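These notes are about the structure you will find just below.
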Amino acid sequence: MPTDSVATDSAPDTAVSPAPAVSPPGLVELFVVFAKMSLAGFGGVLVWARRALVDQHRWMTAEEFKEAFALCHFLPGPNIVNLSVVFGARFRGVPGSIAALIGLLGPPVVIVTVLAAIYARYGQIDALQRILAGVSCAAVGFFLR
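Residue numbers (our numbering): 417 to 561.
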């Protein structure tokens with residue numbers, strides 16, 4: 417009889433709290449995961465965010481992710497940026513929000529800044545101008561397709 421009561425006591429605990437039993441991420445881990453997301457996606461990283469947060473690291477359940485993302489629709493600004501701030505705050509407060517936000521926005525900003533510096537230095541070279549003209553024609557072709 418005592419084993420039955422233990423079994424019934426443990427069943428509601430798993431049903432009530434479906435949250436993953438994984439330790440919460442640290443600040444560096446938040447930064448790295450969101451940096452990987454920003455570098456993996458082009459034009460949107462929502463799929464990468466769900467895969468990382470729900471499937472790989474199991475920091476959220478699918479239902480928690482849906483609820484957090486639904487909240488982010490009501491906040492002003494890009495949804496994935498809002499999600500990084502909400503997710504970081506959930507586990508580490510304001511420092512977590514900052515770490516996730518910098519992880520999401522930092523790498524693309526650095527890449528664009530480096531490319532701008534390279535272009536400012538070498539942009540007048542004829543071969544580079546022809547290459548960029550070809551790339552822009554290809555981009556227009558993809559857009560019209």
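Don't be surprised by glycine CBs; every beta carbon is placed ideally from N, CA and C.
As the structure is a prediction and not an experimental result, all values here were calculated from the model.
- Per DSSP, Gln545 is one residue of the alpha helix (DSSP H) stretching across 542-560.
- Of the residues assessed, Gly512 falls on the buried side of the cut-off, its CB having 16 or more other CB atoms within 10 angstroms.
- Nearest to Val501 by C-alpha distance, out of Phe447, Val463, Gly557, is Phe447.
- Here DSSP, grouped into helix, strand and coil, assigns Trp464 to helix.
- The straight-line gap separating the alpha-carbon atoms of Glu479 and Phe485 is approximately 10 Å.
- For Met476, same chain residues with a beta-carbon under 6 Å away, outside a window of 5 residues either side, are Leu469, Val470 in chain order.
- The straight-line gap separating the alpha-carbon atoms of Gly442 and Gln540 is approximately 45 Å.
- Closest by C-alpha distance to Gly522, out of Pro440, Val438, Lys452, Ser439, is Lys452.
- By the CB criterion at 8 Å, Ile496 and Val461 fall inside the cutoff.
- Excluding five sequence positions before and after Leu520, the CB atoms of its chain that fall closer than 8 Å to its own CB belong to Phe450, Ala451, Met453, Ser454, Val461, Ile496, Val497, Ser500, given in chain order.
- Excluding the 5 residues flanking it on each side, Leu560 has no same chain C-beta neighbour closer than 8 Å.
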